[in-house]
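Novice: Residue numbers (the working numbering), protein chains in the order written: chain V, 42 to 695; chain F, 42 to 695.
Printed below as a string of structure tokens:
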């Protein structure tokens, strides 16, 4: 038909090809026109976790390139930017906008809704988003998609020339004002509209002067209403009541609102399709609804869905790959498949998805600049250590957890049910999502290390319990040893018990007597004494001041160092040489190894870890480990010059 | 339009409503016409496991009631019938047909294909399936659906009056006969057709005399071909070559064939949709294909998908619920939500999905009728015990594994990589799928118990290692103690070590000396001596013949009994009283408890198990456990009369 502008025609073509058939089928993506924009206001740790499920549900069904626009506070920005960077989903762009800069636009509006000031921010999108962005779908974080978002995007084409905003009717009687005596809601057209899903025609909104219009509406109503009850939604509704021609009403299935007392049932039993679910209540999944099991299943599908599977390319879609993925692709192509260590090198190139600060986290830096973070990594089978560690270490903790999406949810339930963990806000939990056959232990360690927020770090393993009071003792030692101006690694001597029921020693004296009794041993005394021999336990027994020890091959003590220490070398995956190489590099950088006379930690026994990789041809594993060691030595020499040759010599003499 | 028969019109309505939008949306299911029939030939353990992924992918996208028809051997029948019975998916019917009865129909055809005789059975479907079944979709087990199967079903309506069979072109050059010198394939129309996905118009096939026709074709071609190379596919193709008007060619995306050298890429890059993937090679997921990662992701999505989530009802679909689900619904409604033990009672009603014989299993009963199966249950965190148990017990083992779908796949990879487990065929692995917050330990134990295939069972826990030679000793004891004609429970004394590096005692003498040294203890000596005190370890030290002991409260020994012993009481979920109640019931049934003088087993240490339920309000947990105990006692009295009152008295005296 003539009279339709070129881009619309192009889009219409896409439309026809797109919407038949099931999900996950390939896409005939014709032009730039098929890029879909989605905006989301997201603040804090919990919303950052929730929005991932929304994003998964959208990605699962999509066949178009997407551009996500996140209005975030600093917390959500840090979490989501690292998540998307490591997720590397093809044909997905992400932009962030600083919510704090927008606060002044809405902070004058008194608001009683549980979402707080962020609940009002959807009003500012014409200003926040790029001025050349013409249309955007705006979503709350508690939304789940059950269909391809392109179908919703296509509804923009059904807008009349006057319409600027697409919304679904509110599925409760709230705005009718008859819920209780003297219930006086904001003005709305009939039942009003819900703003969990919005089609926002930004270009037209800017043209009609939206920014001034909603402000005038809000100011006028606030004279009698005093505050908003449902945040932005009250203002949108008052605005629409005055300008009904501007709204395009969407079919109810585009925002099925599940609260305790909604009329949503009428929607989903009358229509054949159900496209978007909205957990539209602070009770979320615990909402009372006859069919809540059905909806919960749709939600749970994505909650525990392996996000790595969403990294699939879009067939036939001519979008450009990101520079990172081009680089990665090149590196992968350069690998030699016949190299016997191919699997190791392949793993080294794997980009693991990372979700930082998975739980609530609140840490204020100390003023004296001496604070120390306990740094460790773990997987599901060591979860039961967390409570004990928290009881032994009151300072900040940075933990990297190597888990699948489903395990991360299991961990979340565990943490939320644990009184000990719930009451600790200075523990940063960082999820590194599982992928591949190896355990990328040093990569996981580095995530925990890099996300410590103190000047010093205590690099430990999760199956050790620090002595009571270690945190205070280490903070004092940091000052005494002048760590701020010298390059030192403070060694915390390590011991072990082979017994499950241990009465933990309360002092060095008690520890020494348990050592004499045979209740405790120095760490790995029976199987690998080299690992800690240089600590010189004999000297430690009587030491009252810190003493310096020399590096020796295979030394792998637990140390306190400045956070800006070298990272762990990520070529070592699975088990073997992961800490040894790190201590070696500390030595190459001329850190002094100082043993602390009054510090100790004890390894708790556990069943051998269940590591699949061990069951794969262990002789080739050992061969590769040797190859990797050689390469590591060569890299050390290259970085630190001839001084580093001593490591190679030491290695050859073993 | 007139001239269209009534049922077709009804179906057409459904069709229109059905196929737009994404997956998992509700269904406007109008009439019986929307029931879709699917047939599958499935034999053996591996195919039974594979077919589940196919079924999940079909269920995930479906919005119609389904009827699955499985042609099975006895192994697949046992596995799939119990799986579907426990899966309880609404609007899914399942029928089984005995493949062995059909063997004679095709056994005369020499066949070189890796699928064996079962590869030919699709030829017999007009005979095997009910004579009033008009149409069926026939699928190989290595198929994954990426769309709603109703869309494929709808293609029957496009058949001309003459067409009886719908097929996709074969996506390789095999039938062109030019792959190598003297390559002589069976005759085919052009490139031929692939029989991994078939629309079979049974009614018309019967009418044209299909059964005679394919036989004549096969007999004639076999005169020169000697055998089939690609099983049924050769015969279907020779038949079609002779009767081209009978075939309806389906678009290529209904069967995208992924082998090393297929032309499938041409299909999926040319079309916009991709609806069915066929892992059409013995190499399956290891097939070489540029886009294999993409296809693998589609497959892995369903492989690890939580099958419980597929239990959702179909909205608006007036199909009848099964008697079991009606009964279950009623029981659930009768529960009192305000009962403080509601969660326990709710768990008791949970039907856990069960996949019996998840791995290859091959056991031949012994002729002397004295064989004993080791029975135990475990979850992921005890997997590392399996190899050790296999080394200590050479007899048959029945293990129930409490796992999620994803964990079951992890277990599969573990078992396939373990030399020890791979070489044992007499271990039955039964997956009980996780659901809910409790660990239904007795339900899991019962699955292991009921699927033991020997007259006697050794009821143990997975964290124990039997002494070397226990299997032989127990078999001899079974004869000596005349277990076949007396009611006895043979007690295997239990010990424990608190050390995780133990040199396992090779004899009773060595065990006793380790006991004296303090390297070993009697089981739970420190924390719960009651559990095993009646075993009378003092007497056992010097005993040389079996001796009888009396039941006492809280006694929970590990015993050998006949398989037809009482089941574990499933009201006890989580931890507490799960074995105690079982031993009590053995006593109520007047089993003699006989301690074996030369048998022992040792508990291996492990970290405390990670059990979420423990973290939920443990005081209410204890209260409920007491309530459940009382109810158990009452039930015992009801079943065994006044003699059982002693248990209640014993309980009250504690």
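No residue lacks a Cβ here, since even glycine has one placed at the ideal position from N, Cα and C.
Just mark residue 568 (chain F) as buried or exposed, buried being the case when its beta carbon has 16 or more other beta carbons within 10 Å.
Specialist: exposed
Novice: Which residues bound the alpha helix (DSSP H) around residue 368 (chain F)?
Specialist: 364-375
Novice: In chain order, what residues of the same chain have a beta carbon less than 8 Å from the beta carbon of residue 435 (chain F), not counting five sequence neighbours either side?
Specialist: Answer for residue 435 (chain F): 512, listed in chain order.
Novice: What residue range does the beta strand (DSSP E) around residue 135 (chain F) cover?
Specialist: It spans 133-139 - the beta strand (DSSP E) in which residue 135 (chain F) sits, taken as one unbroken run.
Novice: What does residue 646 (chain V) touch in chain F if you count any residue whose Cβ is under 7 Å from its own?
Specialist: 541, 646
Novice: Would you identify the three-state DSSP class for residue 520 (chain F), choosing helix, strand or coil?
Specialist: Residue 520 (chain F): helix per DSSP, three-state reduction.
Novice: Using a beta-carbon distance below 9 Å, is residue 353 (chain F) in contact with chain V?
Specialist: Interface residue, yes.
Novice: Can a CB atom of chain V be found closer than 9 Å to the CB of residue 296 (chain F)?
Specialist: no
Novice: Quick one: which chain V residues come within Cβ less than 9 Å of residue 374 (chain F)?
Specialist: Result: empty, since nearest Cβ-Cβ is about 13 Å, beyond 9 Å.
Novice: Is the Cβ-Cβ distance between residue 212 (chain V) and residue 232 (chain V) less than 9 Å?
Specialist: yes
Novice: Report all residues from its chain with a CB closer than 7 Å to the CB of residue 686 (chain F); omit the five preceding and five following residues, and keep chain order.
Specialist: For residue 686 (chain F), where only same-chain residues beyond five positions count, the Cβ hits under 7 Å are 678.
Novice: Along the chain, where does the beta strand (DSSP E) that runs through residue 235 (chain F) open and close?
Specialist: It spans 234-241 - the beta strand (DSSP E) in which residue 235 (chain F) sits, taken as one unbroken run.
Novice: Under 9 Å between C-beta atoms, does residue 657 (chain V) make it to chain F?
Specialist: Low confidence applies to residue 657 (chain V): its pLDDT is 49, below 50, so where it sits in the model is not reliable enough to give any reading.
Novice: Just grab the DSSP bridge partners of residue 413 (chain F) for me.
Specialist: F:497, per the DSSP bridge assignment.
Novice: Please report the straight-line C-alpha distance between residue 689 (chain F) and residue 462 (chain V), rounded to a whole angstrom.
Specialist: 41 Å
Novice: Going along the chain, which residues of its own chain have a beta-carbon closer than 6 Å to the beta-carbon of residue 280 (chain V), five neighbours each way excluded?
Specialist: 255, 258
Novice: Please compile the residues from chain F whose C-beta is within a distance smaller than 7 Å of the C-beta of residue 338 (chain V).
Specialist: Result: 350, 353.
Novice: One question on the structure: do residue 166 (chain V) and residue 243 (chain V) come within less than 9 Å of each other, judged by their Cβ atoms?
Specialist: yes
Novice: Could you tell me whether any Cβ in chain V is nearer than 9 Å to the Cβ of residue 121 (chain F)?
Specialist: no
Novice: Roughly how many angstroms separate the alpha carbons of residue 600 (chain F) and residue 620 (chain V), rounded to a whole number?
Specialist: 47 Å
Novice: Cβ closer than 8 Å: which chain F residues qualify as neighbours of residue 341 (chain V)?
Specialist: Ordered by position in chain F, the residues that pass the 8 Å Cβ test against residue 341 (chain V) are 347, 350.
Novice: Please name the residues in the segment 444-463 of chain F whose beta-carbon is closer than 7 Å to at least one beta-carbon of chain V, in chain order.
Specialist: 445, 447, 454, 455, 458, 459
Novice: Quick check: the Cα distance between residue 640 (chain F) and residue 549 (chain F), rounded to an integer number of angstroms?
Specialist: CA-to-CA, the gap between residue 640 (chain F) and residue 549 (chain F) works out to about 8 Å.
Novice: Spatial neighbours of residue 77 (chain F) within its chain, please: CB distance less than 8 Å, with the 5 preceding and 5 following residues excluded, ordered by chain position.
Specialist: 103, 105, 106, 107, 108, 178, 190, 191, 194
Novice: Looking only at its chain, what residues have a beta carbon closer than 6 Å to the beta carbon of residue 565 (chain V), apart from the 5 residues adjacent to it on each side?
Specialist: 572
Novice: How would you label residue 493 (chain F), buried or exposed, when you count the other beta carbons within 10 angstroms and need 16 or more for buried?
Specialist: buried
Novice: Between the alpha carbons of residue 522 (chain F) and residue 385 (chain F), how many angstroms are there, rounded?
Specialist: Residue 385 (chain F) has its alpha-carbon roughly 40 Å from the corresponding atom of residue 522 (chain F).
Novice: Examine chain F for any beta-carbon lying closer than 9 Å to the beta-carbon of residue 335 (chain V), and answer yes or no.
Specialist: yes
Novice: Check whether the Cβ of residue 526 (chain F) lies closer than 9 Å to any Cβ atom in chain V.
Specialist: no
Novice: In whole angstroms, what separates the C-alpha of residue 283 (chain V) from that of residue 138 (chain V)?
Specialist: 30 Å
Novice: For chain V, is any of its Cβ atoms less than 9 Å away from the one on residue 64 (chain F)?
Specialist: A caution first: residue 64 (chain F) carries a pLDDT of 31, below 50, which makes its placement in the model unreliable, though a value can still be read off. Taking Cβ atoms only, chain V reaches closer than 9 Å to residue 64 (chain F), which makes this a yes.
Novice: Looking at chain F, which residues of the segment 406-432 of chain V have a Cβ within less than 9 Å of any of its Cβ atoms?
Specialist: 421, 422, 423, 424, 425, 426
Novice: Given residue 595 (chain F), which residues of its chain have a CB within under 7 Å of its CB, disregarding the five upstream and five downstream residues?
Specialist: 571, 572, 621
Novice: Could you please give the first and the last residue of the uninterrupted beta strand (DSSP E) stretch that includes residue 268 (chain F)?
Specialist: Boundaries for residue 268 (chain F): no beta strand (DSSP E) harbours it, and the DSSP string shows neither H nor E there.
Novice: Within the same chain, show all residues whose beta-carbon is closer than 8 Å to that of residue 352 (chain F), passing over the 5 residues directly before and after it, in chain order.
Specialist: 128, 129, 130, 131
Novice: Of all the alpha helix (DSSP H) runs that stay within the bounds of the segment 517-583 of chain V, which reach a length of 4 or more residues?
Specialist: 549-558, 578-583
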